[in-house]
Every structure is written in structure tokens, then in C-alpha cells.
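**Student:** Residue numbering for the sequence shown follows numbering that gives the first Met the number 0, starting at 0 and increasing by one per position.
Each residue gets a CB set at the ideal place from its N, CA and C atoms; glycine is no exception.
The structure that follows is given in the form of C-alpha cells.
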Amino acid sequence: MAITNERGDVLDMNRSAMRLFSLSSVFAAPISIFELIADMSLQKYFKPDKEATGIPVSFGTQELVANVLPTQTQSGSLYYLIILKNITQQQKLKYQLQDLHDTKLLYDAVLDEVDQGLSVINHEGKILFYNRKMGEIELKEPSAVKGKRIFEVWPGLTEETSTLLASMKLSKVLNHRETHFTNTGKAVTTLTRTSPLLVGGKKLATIQVLKDISEQKQLAETISHLQNQKPQDDGEPAMSGAANHTRFEFKDIVFVSRDMRQTVEQARRAARSSSNVLIIGETGTGKELFAQSLHNESPRKKEPFIAQNCAALPESLLEGLLFGTSPGSFTGAIDRQGLFEQADGGTLLLDEINSMGLNLQAKLLRVLQEKKSQRLGSAKVVDVDVRIIATMNEDPLEAIRNGHLREDLYYRLSVVNITIPPLRKRKEDIPALIESFIAKHATALGVTVDEIDPDVYQYLLQFNWPGNVRQLEHVIEGCLNLMYDERAITFEHLPHSFKDNMLQNLASSGELAATMSSVPFSLGGTLEEQVALLERNLIMKALKESNGNITRAGEKLGLSRQNLNYKLKKYNLQQ
């Protein structure tokens, strides 16, 4: 602190100011504050009628903040009180913090470009980092996840079922494989490695690295399938049953709904001819099951059935597989039959035909028109008699508009059109499918299932199943894998990704939200307690509106009389 006259001459200053300016306690001559502080910005704030605060001032290598306060004595003399604060250290810290912040943003941006999912939690279960790829796989927005506790984001998890928390608790690396489903129903298979992070021997966090291996898995399955296919010699006996590389017949299709009955009947009729068939259905609806069943009920059932996923391989490799290769067509090429030749007399399934490049589609169209195939690099043309069954997971007309399908190829393929309804539009099939999947997997896993918890059963019936029948089977199989000596499937057995989808589905339901607004509901307690309270109140409301009639109340709630009686007993609401 210093006191000056109106010209800026220093009249007095305290010890801190003297140390700052390296002055002794006695001035040899008058000193101007403007000589001590060469920063010219200070002088303009010397105004007799106005205080100035927070003035940034540079003094050598140091950064100061100055307050200039004018004061006038009774005799009319004008003085200025100058208060100086050294903020050099704070500025250094500020720059360091900004540098750290910028570095963190840079690391976050780099890790967002990594083609693997990354997430990190601390010892309290708080999510410290969650990159873009992890969000794509788990259908989460990273900004909505970071900073939250893991149970806030995935309410269905427990310390035992969360690999991040389990790895933290056990102090060990955990590896596992899991299948997720996107909101379009696409299956995503991942390998996950979860490990604790130790700094100086202290456990600070847990990191999870998730790798999407869907393409590798699909490619491995394709290669395995091709390795198991043997080209037929002219003298090889005709195939029948499993020898034609099929597993399914129409009797294997599980359904009770009218829509599916009509679809199966349509497919049975189409099986009698050799016309090309286009099967349209969302991912997981069972398109290959229908294709194999068509073949096995057709006059070609003793001939080969060969399936090829058009999305599994790059176009150049797919072309060689379809038409065959001859030595010299490309480096390392061998004399090999194409799938058209291998399937001669039988059926060729082209799965996801809309994933095939348009140039290759043009070559396919030529084979269909002329019924002749030519190996790559060869002038020899071979006659082929092949029935084509093609599948698509999008509307054909939309695929044509989007440039995914040639219009002329569509008309050539769609002599018979079969559309498989998604599971959400035939929910009456779900009970039969659940029973079928339990019977299929329980024996193989050595478990016995006597019942399914009514709440879980209702969730299974009400869920929209973006992954359709395949997703339902994955969920049931996942439940059975988690059973040991239990004989009932409960909420705890559900895969955590499905629990999360289920809770999100409930939360986003407009009908549920409207109902909740008219039902007493208290905030507080665990999620299970709140769900139970909501369910109890909904049942009470339905009974009141139905004048105690259990059957009508059950209809309002979408519950059978048996399930409603179970819940009445559970919540002690029996009349």
C-alpha cells in the first residue's frame, strides 16, 4: 500500500510495498509511483472524483492488481491511496489449470477417435470418462453419462452384476463377451476387458475397454461355413436332410398369431415352385429360418442349400465367391467353383442383398436372366439352375430410393414377396417362443425352469423387442446361464443391458407417464421400492375403477386373472 499526492509522488508506503519495490525505509529523494510502476495504464486512473479497482498492472515479471482510491483532506489537499496485490502466483496457477484443462480436452478428443469403447469409474462408482464408441454400442449419450454414478445410469445393475464394480471390489481383471442390440435391432458382439487402475499401489479407478467384434465374428462364421461346403462332383449322390446344410423346416417356426400363420402359409405355397423369392423382415425376425424351410419343402430339397451374407465380405471377395475363380484372375487365385455352381440344382440364399454393391448387383442380374455363370478370369460359361432366395432388412422401395438396390434386380427377385412381421406386431407369439427357447436351452445348460416371475413375464410380453425373435432368445438364454439351483427366472437373471432397455422403455412410455400423474407416488427409497409402490397404486386404482371386479381390473392392467391374484396377494390387497 502506498500514499501519493495528486502528482503521483510517493509520500509513504508500508513494508510490503517497500519489499515489492526493493526500497529502504528512507527515501533519498522524492519518488514517483509512475517511475516505480512503468505501466502507463495506471496513470489514467488518477481521477479526483472516481475510485478505480481491479486495475491489471505489470511490474517486471510480476502481475499486480491495483486499486486507486482518491481522498481529500479538510484543507482541500488531494491524496491517492494505492493498494497493490501481487497475483503472479494465482496467474501461474490459472494458466496451469487452463493448460491442464486444454490437455484433458485433447486427450478426450483423442480417446473419442479410438475405435474401442472406453469407460472409467472411480472408487465411488462415479463415471469419470465415457467415450463416443462406448456410447454408440450401449446407446448412451456420453455427455448424459459422465459425472453420474453408475447406478443412476443403469438402475438394474448391482455390485455383483456390474463388471466395473466387481473388478474394483475384487482387484482383478475381468474378461467377458456380450451381445448388445442397437435401437434398430442390430446385434453387436463385444469383448470386454475390465481392470482396476493402481497409482502408487493405491486403487483409484477402474477402466473398461470394450471391443466391437461383430464383423470379425461374422467373417469367421462365413469362413467356417465356406470351409464346410464341399464342391459337388457330377457323381456325388443327391443330398437330403442335414446333408444339404440346412437345419430348419416349417414345423420349427413357433407361432400362434394369425399374421404368422398367413405368412407361413404363403411361404409353403411358394415352396412348390422354383420362382425366386424375396423375404423382407427386420433383423432377427427369422428370415433364414423361412429360407431353409422353403428349400426343404420344395422339389429341390435333396439338392444343395447354400447361404451367403452379402454384408459379411467386401465386394471383390464376394464376387469371387459367387462366380468362382480361375488361376491368373488375381494374385494367388485358384481354380474354384463359385456359389452358383455349387448350388446348381438347389437354392442359393443371398442374405442382406441390399448390402451388395450396385455393380455386383448388375452382374447378379445377368446370371439370373441368362442362367449362366462365368468364373473370374475364365472365358468358359457354365449353365446353372439355381433358385434364388434373397432377404432384406429394409423396405425394397426405400432401398431403391436410397441407392441400395437396383430396381431391375428387385423385380427379378421379387417374383414372390414374403414379409415377416416384427415381434412387436405379434406379441401373442411371445409366450410360445419363451416356452420354446426355455426347452431348447435349459437341457443344454443343465437347469430346470418351473416358472417365470410374473413381473418379469409381463415385462417380456410388453417389451417392443427391436432385435425381434433373436433378441428374445438371447435374453432367455442369458437368464438360463445365470441360474444355478433356482427354478424360477427372476428380475436378477435378466441381462443388465436388457434391464436398462426395459427401464428406459417404461420411463419413456407416454401411457405410463399419464397414469403416474394420476396415481399417488412418493419420491424416496430404492428403485425396486418405488416400482413396487407404483404397481400397488396402479392395481388399487384399477380395482376402484372396476368396482372390485378382478377380471375387469386385470383387463385394464393387461394382466391375466391369475397374475392379478398373485399381485393382490403380494401387496396384501386381497378382498
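Which stretch, first to last residue, makes up the beta strand (DSSP E) that contains Y78?
**Tutor:** Within the sequence shown, numbered from 1, the residue matching residue 78 stands at position 79. L77 to N85 is the extent of the beta strand (DSSP E) around Y78.
**Student:** Under a three-way DSSP split, which group does A513 fall into?
**Tutor:** If you number the sequence shown from 1, residue 513 lands on position 514. Residue confidence is low: A513 scores 45 on pLDDT, short of 50, so the model does not pin down where it sits. Its coordinate-derived value is still stated next. A513: helix per DSSP, three-state reduction.
**Student:** If you draw a straight line from the alpha carbon of E248 to that of S256, how long is it in whole angstroms?
**Tutor:** As a working mapping, residue 248 is identified with position 249 in the sequence shown. As a working mapping, residue 256 is identified with position 257 in the sequence shown. Roughly 18 Å separates the two Cα atoms.
**Student:** Could you tell me the distance, in whole angstroms, from the CA atom of Q95 to the CA atom of K286?
**Tutor:** Counted from its first residue, the sequence shown places residue 95 at position 96. Counted from its first residue, the sequence shown places residue 286 at position 287. Taking the straight line joining both Cα atoms gives about 59 Å.
**Student:** Assign P519 to one of two classes, buried (16 or more other C-beta atoms within 10 Å of its C-beta) or exposed (fewer than that).
**Tutor:** As a first step, residue 519 must be located in the sequence shown, where it is residue number 520. With a pLDDT of 42 at P519, under the threshold of 50, the modelled position of this residue cannot be trusted; read the value that follows with caution. Per the 10 Å Cβ criterion, exposed.
**Student:** Would L401 be called buried (16 or more neighbouring beta carbons within 10 Å of its own) or exposed?
**Tutor:** As a first step, residue 401 is located in the sequence shown; it is residue number 402 there, counting from the start. The sequence given here has Asn at residue 401, not Leu. By the 10 Å Cβ count, N401 comes out exposed.
**Student:** So L460 and I429 are in contact, right, with Cβ under 8 Å, and what is the actual spacing, rounded?
**Tutor:** The count along the sequence shown starts at 1 and reaches residue 460 at position 461. The count along the sequence shown starts at 1 and reaches residue 429 at position 430. Correct: roughly 5 Å between the Cβ atoms.
**Student:** Classify E302 as buried or exposed, calling it buried when 16 or more other Cβ atoms lie within 10 Å of its own Cβ.
**Tutor:** Stepping through the sequence shown from its first residue, residue 302 is reached at position 303. Buried.
**Student:** Please state whether the Cβ-Cβ distance between D575 and T489 is less than 8 Å.
**Tutor:** No answer is possible for residue 575: the residues shown for the chain start at 0 and end at 574.
**Student:** Across the region 401–410 and the region 376–385, are there enough close Cβ pairs to call them in contact, namely three or more that are closer than 8 Å?
**Tutor:** The answer is no - the region 376–385 does not touch the region 401–410, with fewer than three Cβ pairs under 8 Å.
**Student:** Quick one, are the C-beta atoms of S297 and A266 less than 8 Å apart?
**Tutor:** Within the sequence shown, residue 297 is the residue found at index 298, counting from 1. Within the sequence shown, residue 266 is the residue found at index 267, counting from 1. Not a contact, by the Cβ cut-off of 8 Å.
**Student:** To test your reading of the DSSP string, which unbroken alpha helix (DSSP H) runs of 4 or more residues are found completely within the region 1–57?
**Tutor:** Taken in chain order, the complete alpha helix (DSSP H) segments of 4 or more residues contained in the region 1–57 are 14–20 and 32–35.
**Student:** With respect to the alpha helix (DSSP H) encompassing N480, which residues constitute its N-terminal and C-terminal limits?
**Tutor:** If you number the sequence shown from 1, residue 480 lands on position 481. Element bounds for N480: N467 to N480.
**Student:** At 3 residues or longer, and completely inside the region 370–394: list those beta strand (DSSP E) runs for me, N to C.
**Tutor:** 371–373, 380–382 and 386–391
**Student:** Do D107 and K132 have their C-beta atoms closer together than 8 Å?
**Tutor:** Position 108 of the sequence shown, counted from the start, is the residue given in the question as residue 107. Position 133 of the sequence shown, counted from the start, is the residue given in the question as residue 132. Contact flag unset, no.
**Student:** Would you grab the beta carbon distance between Y44 and V67 for me? Rounded to a whole angstrom, and I think it's under 8 Å.
**Tutor:** Taking the sequence shown and counting its residues from 1, one reaches residue 44 at position 45. Taking the sequence shown and counting its residues from 1, one reaches residue 67 at position 68. The Cβ separation is near 5 Å, so the contact holds.
**Student:** Taking 8 Å as the threshold, find out whether the region 381–395 comes into contact with the region 421–435 through three or more Cβ pairs.
**Tutor:** Flag = no, the region 381–395 and the region 421–435 do not touch.
**Student:** Taking A290 as the reference, which of E476, T191, L493 and D350 has the closest Cα?
**Tutor:** Within the sequence shown, the letter at position 291 stands for residue 290. Selected option, being the one with the closest Cα: D350.
**Student:** For K210, tell me which candidate among G116, K300 and N546 has the shortest Cα-Cα distance.
**Tutor:** For this step, residue 210 is matched to residue 211 along the sequence shown. For the residues G116, K300 and N546, the minimum Cα distance to K210 belongs to G116.
**Student:** Look up Y483 in the DSSP assignment and say whether it is helix, strand or coil.
**Tutor:** Working through the sequence shown from its first residue, we reach residue 483 at position 484. It is coil, neither helix nor strand.
**Student:** Within a Cβ cutoff of 8 Å, which residues of the same chain sit near E314, ignoring the five residues on either side of it in sequence?
**Tutor:** For the purposes of this step, residue 314 is taken as the residue at position 315 of the sequence shown. Within the same chain, E314 has close Cβ partners M355, G356, N358 and L359.
**Student:** By how many angstroms is the C-alpha of S435 removed from the C-alpha of I279?
**Tutor:** Locating residue 279 in the sequence shown gives position 280, where the first residue counts as 1. Locating residue 435 in the sequence shown gives position 436, where the first residue counts as 1. The alpha-carbon atoms of I279 and S435 are separated by roughly 24 Å.
**Student:** Near F20, what residues of its chain come up, given a Cβ to Cβ distance below 6 Å and the 5 sequence neighbours on each side ignored?
**Tutor:** Reading the sequence shown from its first residue, position 21 is the one you call residue 20. Hits under 6 Å: L35.
**Student:** Going by DSSP, name the residue or residues bridged to R601.
**Tutor:** What the structure shows of the chain is the stretch from 0 to 574, and residue 601 is not part of that stretch, so it cannot be assessed.
**Student:** Please check the pair L203 and L196, which I expect to be a contact at CB under 8 Å, by giving their CB distance rounded to whole angstroms.
**Tutor:** For this step, residue 203 is matched to residue 204 along the sequence shown. For this step, residue 196 is matched to residue 197 along the sequence shown. The pair is a contact, with the Cβ atoms about 6 Å apart (cut-off 8 Å).
**Student:** Sort I136, Y79, T72 and N85 by Cα distance to V64 and report the nearest one.
**Tutor:** By one-based count along the sequence shown, residue 64 stands at place 65. Here the closest residue by C-alpha is N85.
**Student:** I need the straight-line Cα distance from L364 to S142, nearest angstrom please.
**Tutor:** Stepping through the sequence shown from its first residue, residue 364 is reached at position 365. Stepping through the sequence shown from its first residue, residue 142 is reached at position 143. In a straight line, the C-alpha of L364 is about 47 Å away from that of S142.
**Student:** Can you give me the start and stop residues for the alpha helix (DSSP H) that F150 sits inside?
**Tutor:** Stepping through the sequence shown from its first residue, residue 150 is reached at position 151. First-last of the alpha helix (DSSP H) with F150: I149 to V152.
**Student:** To the nearest angstrom, how far is the alpha carbon of N121 from that of I81?
**Tutor:** By one-based count along the sequence shown, residue 121 stands at place 122. By one-based count along the sequence shown, residue 81 stands at place 82. Looking at the two C-alpha atoms, the distance is approximately 48 Å.
**Student:** Can you have a look at N295 and say buried or exposed, based on whether 16 or more other CB atoms are within 10 angstroms of its CB?
**Tutor:** Translated into the one-based positions of the sequence shown, residue 295 becomes position 296. With 16 or more Cβ atoms within 10 Å of its Cβ, N295 is classed as buried.
**Student:** Would you list the residues sitting across from L196 in a DSSP beta bridge?
**Tutor:** As a working mapping, residue 196 is identified with position 197 in the sequence shown. For L196, which the question treats as bridged, DSSP gives the partners A204.
**Student:** Just verifying my parser: in three-state terms, what is the DSSP assignment at S213?
**Tutor:** If you number the sequence shown from 1, residue 213 lands on position 214. S213 falls in the helix class under three-state DSSP.
**Student:** If I'm right that E140 touches G134 with Cβ under 8 Å, what's the distance once you round it to whole angstroms?
**Tutor:** By 1-based counting over the sequence shown, the position of residue 140 is 141. By 1-based counting over the sequence shown, the position of residue 134 is 135. E140 to G134, Cβ: 6 Å. Contact.
**Student:** Based on DSSP bridge pairs, tell me the residues matched to A306.
**Tutor:** Sequence index remark: in the sequence shown, residue 306 carries index 307 (1-based). L348, per the DSSP bridge assignment.
**Student:** Measure the CB-CB distance between L277 and A398 and report whether it falls below 8 Å.
**Tutor:** Position 278 of the sequence shown, counted from the first residue, corresponds to residue 277. Position 399 of the sequence shown, counted from the first residue, corresponds to residue 398. Contact annotation: L277 and A398 have beta-carbon atoms that are not nearer than 8 Å.
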